[in-house]
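In what follows, a single structure is set out as structure tokens and then discussed.
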Amino acid sequence: MQTTLKPTIVFSILLFISTLTSYTTLHAQEEKFVVVLDAGHGGGDSGNVGNGHSEKNIALKITLEVGKELEKNPDIKVIYTRKTDVFIALHERANIANRADADLFVSIHCNAHSSQASGTETFVLGEKNTGRNFDVAKRENEVIFLEENHEENYAGFDPSSPESTIAIGIEQEVYVEQSIVLARKIEDSFVNKAKRKSRGLKQASLLVIRNTYMPSVLVEVGFLTNNSEGNYLNTKAGQSKMASAIKAAIIDYKKELDQNVGSHILHVEAETMKEVEETPKIIKDVIFKVQIAASSRELEAKSYNFKGLADISREKTGQIYKYFSGKTSDYNKVKQLQNEAKLAGYSGAFIVAYKDDKKIDVADALKSDSN
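In the UniProt record's numbering, the protein residues as written are 1 to 371.
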């Protein structure tokens, strides 16, 4: 069933999307790689206090340690949303990152649950708000009620409403792919370097990354409500281990981007397109497209409006128009189309899949039989 978004909910995101431009990883023009580190909660917002531990204090200590390690790299500039025990509004945390034209936004938190649940989780923005993911989003977003002008700043957003959380997922869709890359690296680093249990990568509609114009993640370093894990995270050694793992993942992410800067990326993409043409991979009953843009403006679905890309289509979701290039059941063909879109300037272009006219996860589509 399609959800109709209320005008008051989408108003602020329309203003953002109308000026949205594709994210590019070719950041070589900048002297430094800018990372904004956000210690969750602070001031009058204590976060969770599982087992008597303070989330706001532990998150701050880990964040400062991550920054200290990153600052040893001369090619990285670190900006903090807070360095002391102060309250920073969620929208202002995003504004700090946007004003800095940051390359990454990393928000660090500690988890809580009524059980003895344990393990790390890293969240990216998304619409998957079933079960505990929605509970996490609701808990993290409710801090807006501590802000004096939350009605104005969040345009009718209700943390308890799935309708609201779906709406904010539209804004950062263009950055989700890169956010997922970073999130996976962070979770892998927790396992391989810090030797911690990982609960994996998750998607939830979190306001703290609502308006960030760059890849963004929210990291839950563990459960303070778990007796053992809470005690671990409350120690200097535990905090240092977690910080080191996050730092290593960010460095690895940056290295991967650096390898794709310049003419090398064009050569790799050209070779990929050649291989794709030679090896069709047809997925029955599935249609793949490449999403190249999202806007509040209704543009004619013509090639000349989208840098010469062919087979343009348009889809309306709520008050948002999404624009696509291509339409094929050949997964390798759509990968070629994605490369063509990136070379045309839509470097945030990503693949979407449909079955029976309903959008499905690309991973689920690839599980289908092929011939």
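Yeah, the Cβ is synthetic: ideal placement off N, Cα and C, and Gly gets one too.
Taking a cut-off of 8 Å for Cβ pairs, the region 69-81 and the region 89-105 touch, as three or more such pairs fall below it.
In the structure shown, the three-state DSSP call for N234 is coil.
R196 counts as buried, since at least 16 other C-beta atoms from the protein chains shown sit within 10 angstroms of its C-beta. Proximity to T63 across V362, N332, T122 and H109 peaks at H109, based on C-alpha coordinates. Two segments are said to touch when three or more pairs of C-beta atoms, one from each, lie closer than 8 Å; by this definition the region 243-257 touches the region 178-191. Between the region 68-79 and the region 40-52 there are fewer than three C-beta pairs closer than 8 Å, too few to call the two in contact.
Runs of the alpha helix (DSSP H) spanning 4 or more residues and lying entirely within the region 292-365 occur at 331-343, in chain order. For the set S347, G345 and A365, the Cα lying nearest the Cα of Y354 is the one of A365. The three-state reading of DSSP puts H113 in coil, since its state is none of H, G, I, E or B. Residues K327, T328, S329, A353, Y354 and K355 of the same chain have their beta carbon placed closer than 8 Å to that of I287, with the five preceding and five following residues left out of the count. With a contact defined as Cβ atoms closer than 8 Å, K322 and E315 qualify at about 5 Å.
With respect to the C-alpha of Q239, the residue from K302, T120, E31 and I58 having the closest C-alpha is I58. For R184, the three-state secondary structure derived from DSSP is helix. Residue range S216 to F223 is occupied by the beta strand (DSSP E) that includes L218, with no alpha helix (DSSP H) assigned at that position.
Assignment of A248 by DSSP, reduced to helix, strand and coil, places it in the helix class. Taking 8 Å as the upper bound for CB-CB distance, K202 and E121 are in contact here, some 5 Å apart.
Counting C-beta atoms within 10 angstroms of its own C-beta, D101 has fewer than 16 neighbours from the protein chains shown and is therefore classed as exposed. Rounded to whole angstroms, Q116 and K335 show a C-alpha spacing of 43 Å.
Counted as a single uninterrupted DSSP element, the stretch harbouring A39 is not any alpha helix (DSSP H) but the beta strand (DSSP E) occupying residues F33 to A39.
In the three-state reduction of the DSSP assignment, I88 falls in the coil class, being assigned neither a helical nor a strand state.
DSSP places R93 in the helix class (H, G or I) of the three-state scheme. Looking at the DSSP output, G42 shares a beta bridge with D45. In the displayed model, K72 falls within coil according to three-state DSSP, outside both helix and strand. Taking the CA atoms as reference points, N234 sits about 15 Å from A39.
Following the DSSP letters along the chain, one finds T120 inside the beta strand (DSSP E) bounded by residues T120 to L125.
Rounded to whole angstroms, the Cβ separation of V176 and V219 is 16 Å, and the two are not in contact under 8 Å. Within the same chain, Cβ atoms closer than 7 Å to the Cβ of E65 are found at Q239, S240 and A243, the five residues on either side in sequence being excluded. S179 carries a helical assignment under DSSP once its states are collapsed to helix, strand and coil. Collapsing the DSSP output to three states places V286 in coil. Around the beta carbon of Y253, 16 or more other beta carbons lie within 10 angstroms, which makes this residue buried.
The C-beta of S228 has fewer than 16 other C-beta atoms within 10 Å across all chains shown, which makes the residue exposed. Taking a 10 Å sphere around the C-beta of K61, we find 16 or more other C-beta atoms and assign the residue as buried.
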